[in-house]
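Undergrad: Heads up: the sequence shown begins at 166 in our numbering, then just goes up one per residue.
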Amino acid sequence: MSETRSVKQGVAAGTSIGAAIIMVTVGIIQFFQGIAAVAENEVFVTGLNYVYKFDLTTWGWIHIVLGVLVAAVGLALFTGAGWARVSAIVIAAVSILANFLWLPYYPWWSVLIIALDVVVIWALSTWQPDRY
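#1: Less than 8 angstroms between the CB atoms is what I'm expecting for A263 and I227, so what's the real figure, rounded?
#2: If you reduce the DSSP assignment to three classes, tell me which class L268 lands in.
#3: With 16 as the cutoff for other CB atoms within 10 Å, does F243 come out buried or exposed?
#4: Check whether the Cβ atoms of L281 and S275 sit closer than 8 angstroms, and answer yes or no.
#5: Compare the C-alpha of A241 against each of F196, F219, I182 and name the closest.
#6: Restricting to Cα atoms, I'd like to know which of W287, A257, W292, A288 is closest to I278.
#7: The alpha helix (DSSP H) with A224 in it runs from where to where?
#8: If you check the beta carbons only, do A253 and T180 fall under 8 angstroms apart?
#9: Where does W121 fall in DSSP's three states?
#10: Check W292 in the structure and name its three-state DSSP category.
#11: Just the Cα atoms here: how many angstroms apart are Y297 and L231?
#12: Candidates G199, V189, A184: which alpha carbon is nearest Y271's?
#13: By how many angstroms is the C-alpha of F196 removed from the C-alpha of V285?
#14: Take the Cβ of W292 as the centre, count every other Cβ of all protein chains shown within 10 Å, and call the residue buried at 16 or more, exposed below.
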């Protein structure tokens with residue numbers, strides 16, 4: 166039983182470092198995605214009727230701010246601080262919500278980011294450094 170637990174903790178610890186790298190990368194890419202949405206509205210395609218429809222410039226600014234937050238918290242994860250783990254889980258959940266709402270504009274990218282955010286949340290909520 167303890168070997169199974171230590172293997173799980175080892176995978177979670179490794180994935181937590183990976184989660185920090187993923188968060189920094191996703192944050193940078195979301196930042197540039199936001200700049201693209203603010204600078205040129207013709208890059209993205211929008212559907213006719215969408216419940217959560219905002220102006221594309223508004224979505225761009227949301228992604229710029231979210232990208233900076235995701236990257237900053239991802240960098241803080243490298244310190245291993247408890248507050249950084251909790252903040253990363255919260256920011257990843259907000260990123261899931263934002264990318265769900267962004268689905269009509271860039272569907273495959275949104276699904277990819279949602280999946281990566283789920284991996285980040287799993288890794289950070291499973292890893293218990295005191296048991297490793």
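A virtual CB, placed ideally from N, CA and C, is assigned to each residue, including glycine. None of the values given here were measured: they were computed from a predicted structure.
TA: Based on what the coordinates show:
#1: A263 to I227, Cβ: 6 angstroms. Contact.
#2: Residue state, collapsed to three classes: coil.
#3: With fewer than 16 other Cβ atoms within 10 Å, it is exposed.
#4: No; because the gap between Cβ atoms is not below 8 angstroms, this pair is not in contact.
#5: When each option's Cα is compared against that of A241, the closest is I182.
#6: Checking every option, the nearest Cα to that of I278 belongs to A257.
#7: Here residue 224 is Trp; the residue named in the question, Ala, does not match the sequence. Following the DSSP letters along the chain, one finds W224 inside the alpha helix (DSSP H) bounded by residues 221-242.
#8: Not a contact, by the Cβ cut-off of 8 angstroms.
#9: In the structure as shown, the chain begins at 166 and stops at 297. Residue 121 is therefore absent and cannot be evaluated.
#10: Coil.
#11: Unreliable placement is indicated for Y297, whose pLDDT of 47 sits below 50; the coordinate value is still reported in the next sentence. Whole-angstrom Cα-Cα distance: 32 angstroms.
#12: It is G199 whose Cα lies nearest to the Cα of Y271.
#13: Linking V285 to F196 through their CA atoms gives a straight-line distance of about 18 angstroms.
#14: The residue in question, W292, is buried, as its Cβ has 16 or more Cβ neighbours within 10 Å.
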